[in-house]
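Input: a single structure, listed below in structure tokens.
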Amino acid sequence: MNQSTPALQQRISTLRWALPLALGVLSTLYQLGPARWVHDAFSHSLHYGVEILLYGFIGPLAVYGAVGQVGRWVAEKEQAEHRARTHEQRLASITGASADAILGLDAAGRIDSWNHGAELIFGYQAGEIQNQPLTLLFGEGEAAEVEYHWLVERVQREGFVRGHETTGRDADGRQVAVELTATQLAGELGQWLGMSVILRDVTERQRREQEIRRLNAGLNEQVAERTGELAEKVEQLARANAGLQKLDRMRSEFVSLVSHQLRAPLTNMHGAVEHIEANCGAMNATCIRMLSILNQQTDRLDRLVRDVLNAARIEAGELVLQPEPISVTPIVQQALEHVRARAGKRRFHLPPKPGLPFAFA
């Protein structure tokens with residue numbers, strides 16, 4: 043029943059006794075007061091005319107007003123009912139067109155409404171499923187009964203259940219993964235009338251979630267595998283680096299050892315050349331030139347040994363190079379003398395070229 047109907051009935055009932063009572067009270071008050079005064083003060087004809095005016099016009103006007111008010115109440119009721127019907131039709135259209143299964147359960151847990159979305163998901167026509175228990179959609183059996191009683195108890199206690207994922211069965215017995223939302227239907231006094239249940243097919247969503255989990259698991263395995271490979275490569279690089287460092291230390295030690303071992307004979311050779319130059323008086327020009335070249339080459343070897351030692355010190359960070367401008371002419375002359383010493387009878391001549399730029403070395 044529409045909620046406006048009891049209110050309208052109450053108004054009409056009130057008007058039904060209030061209008062006669064008001065007219066009776068008005069007539070009584072007139073007869074006890076104004077009627078006697080009019081009868082004594084004026085003629086009988088005037089008194090008669092006043093009563094006609096009172097009973098012939100005021101009474102009907104009151105009835106007319108009451109009937110008009112009842113008409114307005116009825117019009118308001120019809121408008122409210124029209125809005126309610128429009129709203130119900132809209133809700134029915136939304137329910138019927140929904141892709142989700144929307145169904146109603148009575149107080150006994152039997153299905154009493156079934157939309158098109160439910161037909162698409164479960165394959166039952168409305169006539170086939172009408173008055174069937176909800177457990178039919180859960181596969182029946184003890185597990186279905188346990189789940190149904192849990193659902194009813196939860197809805198009665200909290201008023202609703204939202205986002206509960208479960209497994210249903212369609213008309214062909216195939217399993218359907220669904221997300222269930224249930225809401226309590228209560229009467230005006232709060233009594234249990236049943237539930238409205240919405241079931242959404244989440245089979246495809248769960249399949250995508252499983253695929254995502256599978257891909258994530260595969261990705262994690264690949265990351266773990268690549269991490270292991272990277273750790274192995276790092277360990278190999280560490281071993282190789284340790285080997286290189288060991289070789290570098292051995293090279294440095296070897297260079298230092300060889301350099302120091304070479305400097306001793308070079309010093310002796312240099313001293314011998316100086317002794318020959320100082321004590322051998324009769325030497326021709328060729329001997330003098332050869333001794334000069336030998337002296338220059340021992341000096342050059344000594345410089346090379348020092349350069350090797352300095353290179354080792356540079357690699358160790360113990361020596362900082364400070365380039366300075368030098369003339370390239372002496373360097374060229376030394377190179378030429380070195381070639382002449384090994385040329386035998388061949389002669390080389392390099393004309394001097396003044397004005398050569400300095401080099402930073």
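Residue 43 is where the sequence shown starts when you use the working numbering, and the numbers rise one by one after that.
For every residue, glycine included, the Cβ atom is placed at its ideal position computed from N, Cα and C.
What you are looking at is a predicted structure, and each value in this text was computed from that prediction instead of being measured.
Please state whether DSSP places residue i in a helix, a strand or coil.
i, result
"Gly-165", "coil"
"Leu-308", "helix"
"Gly-232", "coil"
"Val-370", "coil"
"Ala-216", "In the sequence as displayed, the identity of residue 216 is Arg instead of Ala. The answer is coil: DSSP assigns Arg-216 none of H, G, I, E or B."
"Ala-353", "helix"
"Phe-400", "coil"
"Gln-252", "helix"
"Leu-392", "coil"
"Ala-186", "helix"
"Ser-238", "strand"
"Gly-201", "coil"
"Gly-181", "coil"
"Gln-375", "helix"
"Ala-141", "coil"
"Gln-287", "helix"
"Gln-338", "helix"
"Met-43", "Caution is warranted here: a pLDDT of 44 is assigned to Met-43, below 50, making its placement in the model unreliable, and the coordinate value is therefore given only provisionally. Residue state, collapsed to three classes: coil."
"Gln-278", "helix"
"Gln-364", "coil"
"Glu-118", "helix"
Once you ignore the five residues that flank residue i on each side, which residues in its own chain have a CB closer than 7 angstroms to its CB?
i, result
"Leu-257", "none"
"Val-67", "none"
"Phe-400", "Pro-367, Ile-368, Ser-369"
"Gly-229", "Leu-235"
"Gln-174", "Arg-152, Ile-153"
Spell out the partners DSSP gives residue i in its beta bridges.
i, result
"Ser-155", "Gly-146"
"Pro-175", "Arg-152"
"Met-325", "According to DSSP, which records beta bridges pairwise, Met-325 is partnered with nothing at all."
"Asp-243", "Val-220"
"Leu-227", "Gly-236"
"Thr-208", "Val-220"
Does the separation of the CB atoms of residue i and residue j fall below 9 angstroms?
i, j, result
"Tyr-190", "Thr-209", "no"
"Asp-212", "Ile-163", "yes"
"Arg-151", "Val-105", "The residue asked about is misnamed: residue 151 is Gly in this sequence, not Arg. For Gly-151 and Val-105, no; Cβs fall outside 9 angstroms."
"Ala-160", "Ile-144", "yes"
"Asp-344", "Leu-308", "yes"
"Ile-54", "Val-112", "yes"
"Trp-192", "Ile-171", "no"
"Val-315", "Leu-346", "no"
"Pro-394", "Thr-371", "yes"
"Glu-319", "Leu-299", "no"
"Leu-261", "Leu-179", "no"
"Thr-340", "His-317", "no"
"Gln-338", "Glu-274", "no"
"Trp-234", "Gln-264", "no"
Please report the Cβ distance between residue i and residue j, rounded to the nearest whole angstrom; I am assuming they are in contact, meaning their Cβ atoms lie under 8 angstroms.
i, j, result
"Glu-221", "Val-244", "5 angstroms"
"Gln-376", "Arg-342", "7 angstroms"
"Ala-224", "Val-239", "5 angstroms"
Going by beta carbon distance, what residues of the same chain come within less than 6 angstroms of residue i, once the five residues before and after it are set aside?
i, result
"Glu-207", "Glu-221"
"Gly-236", "Leu-147, Asp-148, Ala-149, Leu-227"
"Ala-354", "Ser-294, Val-297"
"Gly-201", "Gln-226"
"Gln-248", "Ala-219"
Between residue i and chain C, is the shortest Cβ-Cβ distance under 9 angstroms, so that the two count as touching?
i, result
"Ala-186", "Of the chains in the structure shown, none is chain C; there is only one protein chain."
Does the ligand SAM have a heavy atom nearer than 8 angstroms to the CB of residue i?
i, result
"Ser-334", "With respect to the ligand SAM, the structure shown offers nothing to examine, as it has no ligands at all."
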